[in-house]
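Numbered as in the working numbering, the sequence shown ends at 535 without a single skipped number. First comes the structure, then the notes that go with it.
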Amino acid sequence: MSAAPQPVAWSSTPPLPTFLQLEPVGQCNLRCRMCPVQFRHDGPPYGPLAFMPFEDFQRIVGGFPELRTLHLQGLGEPTMHPRFFDMVAWASGRGIVVSTNSNLTIWSERRARQCIDSGLAELHVSLDAATPAIYEHIRVGAHFPKVLRNLRRVMAARAAAGSALRVRIVAVLMRENLRDVPALVRLAAEEGVRTLFVQQLCHDFDEATLPAHYRPMRLFVDGQRLVERDALAVESVFDEARAEAKRLGVELRLPRRADDAAPRGIPRCDWPWRGAYVSYRGDAMPCCMVGTPDRASFGNVLANGVDSVWNNASYQRFRAGLASDVAPDVCRSCALYRGTF
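Here it is as structure tokens:
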């Protein structure tokens with residue numbers, strides 16, 4: 195199953211959104227083979243720690259007066275930020291529903307307790323395989339037993355506190371881990387996680403304007419993405435995964451296959467109307483699928499203000515292009531726009 199397309203409000207200057215995705219950290223603690231983070235020269239050894247100052251975080255969030263939902267995620271591991279849980283507590287104290295992604299590799303019992311105490315509403319655990327060798331090949335530098343131990347710490351802290359924290363496992367699908375999907379369903383059930391969200395690789399990196407240092411990502415995606423010729427293998431694995439999910443009571447989200455994309459004519463993406471994406475430096479970008487300002491950006495909200503950037507000419511041109519029959523180049527390579535995410 196996959197998410198239904200959402201209606202798009204085509205105004206070039208929509209009201210400020212109620213959803214914000216914010217990147218507190220611009221560096222990561224792992225080198226993921228499927229992720230362009232190794233091509234982004236933020237943080238050591240290229241420069242100082244790439245952390246958003248807490249005061250900047252407050253300024254940005256405060257610039258969205260009707261904000262209801264905040265997702266703390268970017269190309270970096272968000273919980274590396276020394277004040278990450280202060281950010282969560284500050285935002286949740288304002289009535290904002292806060293969620294985050296984490297690979298859990300740097301967690302501890304203390305972090306698990308902070309996760310509960312901070313008021314975090316939802317935790318998405320990045321876990322791309324149930325087989326240690328496959329997982330550690332994808333997430334270079336990670337240790338599968340350690341990640342499972344930290345997941346168990348979170349689940350134990352949640353149970354001890356009687357917390358309503360929602361936990362789900364998120365896996366990025368590729369040739370390398372396709373046949374591990376049914377095992378991931380079983381792992382989720384064994385660890386008490388009731389939701390498994392499986393997605394495609396988010397972007398093909400096929401845009402003509404792609405900066406040269408991302409070309410190795412294009413080659414990786416070309417080798418790992420599942421295409422029409424993989425349809426029989428994909429459907430066989432998906433059938434097994436669905437059966438396991440039904441047997442074990444796990445809510446399973448599977449992506450569309452390349453040969454089963456959303457029909458043409460259905461609005462594919464409403465990100466630039468309903469939500470904002472802001473980097474740790476304050477750069478406004480279209481969405482998390484782009485994720486780096488050297489590919490597409492609209493200005494800096496710290497320097498120019500949220501209202502000014504949200505309604506500027508660059509943002510308006512981008513929205514107009516996305517609403518047209520010929521979307522911006524960077525969108526045409528996106529799995530969400532193509533309907534296969």
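For each residue, glycine too, the CB sits at the ideal point set by N, CA and C. What you are looking at is a predicted structure, and each value in this text was computed from that prediction instead of being measured.
- Non-local beta-carbon contacts of Ala336 in its own chain, meaning distances under 8 Å to residues more than five positions away in sequence, involve Leu224, Asn297, Thr299, Tyr329, Glu330 in chain order.
- Counting only runs of at least 3 residues, the region 295-357 fully encloses the following beta strand (DSSP E) elements, listed from N- to C-terminal order: 316-320.
- In the three-state reduction of the DSSP assignment, Asp477 falls in the strand class, which pools E and B.
- Around the C-beta of Asp519, fewer than 16 other C-beta atoms lie within 10 Å, and the residue is accordingly described as exposed.
- Taking a cut-off of 8 Å on C-beta distances, the region 352-359 touches the region 306-315, as three or more cross pairs fall below it.
- At a cut-off of 3 residues, the continuous stretches assigned as beta strand (DSSP E) that sit fully inside the region 404-453 are 445-447.
- Looking at Ser302, Val291, Pro326, the one whose alpha-carbon comes closest to that of Met274 is Ser302.
- Counting only the Cα atoms, Ala529 lies some 24 Å from Ala439.
- Counted as a single uninterrupted DSSP element, the stretch harbouring Ile290 is not any beta strand (DSSP E), since DSSP gives it neither H nor E.
- With a 10 Å radius around the Cβ and a threshold of 16 neighbouring Cβ atoms, Val415 comes out buried.
- Within the same chain, and ignoring the five residues on either side of Asp280 in sequence, the residues whose Cβ sits closer than 7 Å to its Cβ are Phe248.
- Ala324 and Val364 have their C-alpha atoms spaced approximately 12 Å apart.
- Contact check for Val375 against Ala435 passes: the beta carbons are separated by less than 7 Å.
- The secondary-structure analysis by DSSP pairs Gly469 across a beta bridge with Phe213.
- DSSP places Phe391 in the strand class (E or B) of the three-state scheme.
- DSSP places Ala365 in the uninterrupted beta strand (DSSP E) bounded by 360-367.
- Of the residues assessed, His397 falls on the buried side of the cut-off, its CB having 16 or more other CB atoms within 10 angstroms.
- DSSP places Leu264 in the uninterrupted beta strand (DSSP E) bounded by 263-266.
- A residue is called buried once 16 or more other Cβ atoms fall within 10 Å of its Cβ, and Leu214 is buried on that count.
- Considering only Gly515, Pro259, Pro326, Cys482, the residue with the shortest C-alpha distance to Ala377 is Pro326.
- Under the DSSP definition of a beta bridge, Asn494 partners with Asp477.
- As a beta-bridge residue in DSSP terms, Cys528 pairs with His397.
- The Cβ neighbour count for Tyr240, taken over all protein chains shown within 10 Å, is under 16; the residue is labelled exposed.
- Exclusion of the five residues before and after Gly515 leaves Ala521, Pro522 as the residues of its chain whose Cβ lies within less than 7 Å of its Cβ.
- Note: Phe245 is bridge-paired with Val219 in the DSSP secondary-structure output.
- In this structure, DSSP gives Val255 a helical state, which the three-state scheme calls helix.
- In terms of Cβ geometry, Val444 and Ala383 form a close pair [threshold 7 Å].
- DSSP, reduced to helix, strand and coil, places Gly485 outside both helices and strands of the structure shown, so it counts as coil.
- Counting every other CB atom within 10 Å of its CB across the protein chains shown gives Arg352 a total of 16 or more, marking it as buried.
- In this structure, Val379 keeps its C-beta atom at 7 Å or more from the C-beta atom of Leu395.
- In the three-state reduction of the DSSP assignment, Tyr240 falls in the coil class, being assigned neither a helical nor a strand state.
- Asp519 carries a coil assignment under DSSP once its states are collapsed to helix, strand and coil.
- A residue is called buried when at least 16 other Cβ atoms come within 10 angstroms of its Cβ; Arg346 does not meet this threshold and is exposed.
- Thr263 and Val291 have their C-alpha atoms some 5 Å from each other.
- With a cutoff of 7 Å on beta-carbon distance, Gly476 and Leu446 are scored as not near each other.
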